[in-house]
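What follows is a set of notes on a single structure, which appears directly below.
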Amino acid sequence: MDAVMGSLFLLFLIAGTTLNILVIVAVLKKRKHTFKDIMVISLTCSLLSEIYFGFVWEGYGRFIDDSSLELCKFAAYGATFSALASIMQLMGMVLERYVSIIYPVTAHSYFKGNTLAMLFVLPSWAFCIVWAFLPFIGWGEYKREAVHTYRCSVIGTGKSYNARSYNYSLLILFFFAPIIIITYLIVRVQMELAIIRKMAAARSTGTTATTTRIWKYERQHFILTCIVIVLFFITWTPYALSACWYALFDSTPDKFVSYSALFAKSSLVTNPIIFVFFNKEFYKTLKRNIFQRNPLANTDIQLDSITQ
């Protein structure tokens with residue numbers, strides 16, 4: 001069993017690293033980088049961070065040596081701040097789509113450079129790193145899980161007010177609040193896309209080729225963003241539910257916590273799979289610049305300058 005699990009762990013590690021690096025390479029190959037591109041790179045970096053600051057060291061404890069409590073806590077810290085950073089970047093991606101579609105003139109002036117993106121990315125990363133570090137200075141605590149003792153967690157570590165208050169705050173700030181905000185923005189964007197489509201049809205007997213192309217581009221990118229967000233929260237929802245159970249009831253669902261944490265790791269692979277294989281722009285960039293020896297000149301119509 002250990003041999004099988006070790007092989008799966010190695011396969012997951014290689015797949016997660018390769019796919020996330022491909023996403024970064026595809027974005028960097030673009031001639032101009034927008035707010036959206038910086039968000040994608042930052043999200044991918046957070047996934048890589050979770051792999052190498054959390055997942056790898058969990059694997060070390062699982063298959064080699066789990067005697068070091070400090071290493072176990074470090075792995076928990078790495079996984080925690082990386083996951084929190086991923087949530088913040090997802091919110092940034094949805095916010096970019098919201099502003100670009102609801103306020104296109106404002107988006108064009110704000111999102112044409114990288115300044116605004118960095119003003120969002122750097123503070124959000126700093127906030128997540130500090131928040132995940134708080135258990136080391138007395139608010140909350142990283143402890144070994146009851147079932148998988150090679151892994152540490154901040155969820156279900158104690159029933160004191162100190163531990164519960166940290167878990168409550170973690171759930172509110174990084175799970176429930178993001179879900180509410182993201183859902184609202186997604187619904188508003190979907191409504192605006194429907195209005196744009198109806199207005200374009202009303203102005204002429206039929207939509208022009210350019211209008212149709214722009215609308216399809218915005219809708220495709222919006223759908224892709226929604227899929228990434230929905231899958232991310234699906235993978236993390238069982239873990240959040242286990243945290244809610246522990247926070248609200250006296251019993252501790254130890255096995256549910258342990259296995260839901262494993263399920264949450266699937267987001268390290270599912271997100272880059274969506275970008276690499278289901279985003280036509282990414283796929284064409286990779287095929288043109290990496291998988292072909294003599295790449296052709298970039299003749300694709302770049303719609304970013306039109307829609308932002």
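So the sequence shown is numbered by UniProt numbering: it starts at 1 and just counts up by one.
The C-beta atom is built at its ideal place from N, Cα and C for all residues, glycine as well.
- Query: Under the rule that 16 or more other beta-carbon atoms within 10 Å means buried, what is residue 103, buried or exposed?
  - Reply: For the purposes of this step, residue 103 is identified with residue 103 of the sequence shown, where counting begins at 1. Exposed, by the Cβ-count rule.
- Would you mind stating whether residue 244 and residue 151 have Cβ atoms separated by less than 8 angstroms? Translated into positions along the sequence shown, residue 244 becomes position 244. Translated into positions along the sequence shown, residue 151 becomes position 151. Cβ atoms of residue 244 and residue 151: not closer than 8 angstroms.
- Task: Determine the direct distance from the alpha carbon of residue 180 to that of residue 37, and round the result to whole angstroms.
- Result: Stepping through the sequence shown from its first residue, residue 37 is reached at position 37. Stepping through the sequence shown from its first residue, residue 180 is reached at position 180. So the alpha carbons of these two residues sit roughly 24 angstroms apart.
- Query: Going by the CB atoms, is the gap between residue 99 and residue 186 shorter than 8 angstroms?
  - Reply: The residue given as residue 186 occupies position 186 in the sequence shown. The residue given as residue 99 occupies position 99 in the sequence shown. Not in contact: residue 186 and residue 99 (Cβ atoms no closer than 8 angstroms).
- Message: In the DSSP assignment, the alpha helix (DSSP H) including residue 36 goes from what residue to what residue?
- Response: Stepping through the sequence shown from its first residue, residue 36 is reached at position 36. Note, residue 36: alpha helix (DSSP H), 35-50.
- Message: Within the continuous alpha helix (DSSP H) that includes residue 78, where are the two ends?
- Response: In the sequence shown, counting from the first residue as 1, residue 78 sits at position 78. Per DSSP, the continuous alpha helix (DSSP H) segment holding residue 78 begins and ends at 69-102.
- Message: Looking at the strands, I want to know which residues DSSP matches up with residue 144.
- Response: The sequence position of residue 144 within the sequence shown is 144, counting from 1. 152, per the DSSP bridge assignment.
- Would you give the residue range spanned by the alpha helix (DSSP H) that residue 135 belongs to? What you label residue 135 is simply residue 135 of the sequence shown in a count that begins at 1. No residue range can be given for residue 135, since it is assigned to no alpha helix (DSSP H) and is classified by DSSP as neither H nor E.
- Item | DSSP-derived helix/strand/coil call for residue 303 | On the sequence shown, position 303 is the one that residue 303 refers to. Confidence at residue 303 is low in this model, with a pLDDT of 39, below 50, so its placement is unreliable and no value can be given for it.
- Considering only residues of the same chain and omitting the five flanking positions on each side of residue 85, which have a CB-CB separation below 6 angstroms? Reading the sequence shown from its first residue, position 85 is the one you call residue 85. Closer than 6 angstroms at Cβ, skipping near neighbours: 46, 125, 128.
- Item | Contact belief for residue 66 with residue 149 at Cβ below 8 angstroms, rounded distance in angstroms | Residue mapping note: residue 66 aligns to position 66 of the sequence shown, counting from 1. Residue mapping note: residue 149 aligns to position 149 of the sequence shown, counting from 1. Confirmed, Cβ separation roughly 7 angstroms.
- Query: Closest by CA to residue 260, which one among 237, 43, 154?
  - Reply: Your numbering for residue 260 matches position 260 in the sequence shown. Comparing Cα positions, the closest option is 237.
- Task: Please classify residue 121: is it buried, with 16 or more other beta-carbons within 10 angstroms of its beta-carbon, or exposed?
- Result: Indexing the sequence shown from 1 puts residue 121 at position 121. By the 10 Å Cβ count, residue 121 comes out buried.
- Reduced DSSP secondary structure (H/G/I, E/B, other) of residue 7: What you label residue 7 is simply residue 7 of the sequence shown in a count that begins at 1. Helix.
- Message: Considering only their Cβ atoms, is the gap separating residue 256 from residue 267 smaller than 8 angstroms?
- Response: Translated into positions along the sequence shown, residue 267 becomes position 267. Translated into positions along the sequence shown, residue 256 becomes position 256. At least 8 angstroms separates the beta-carbon of residue 267 from that of residue 256.
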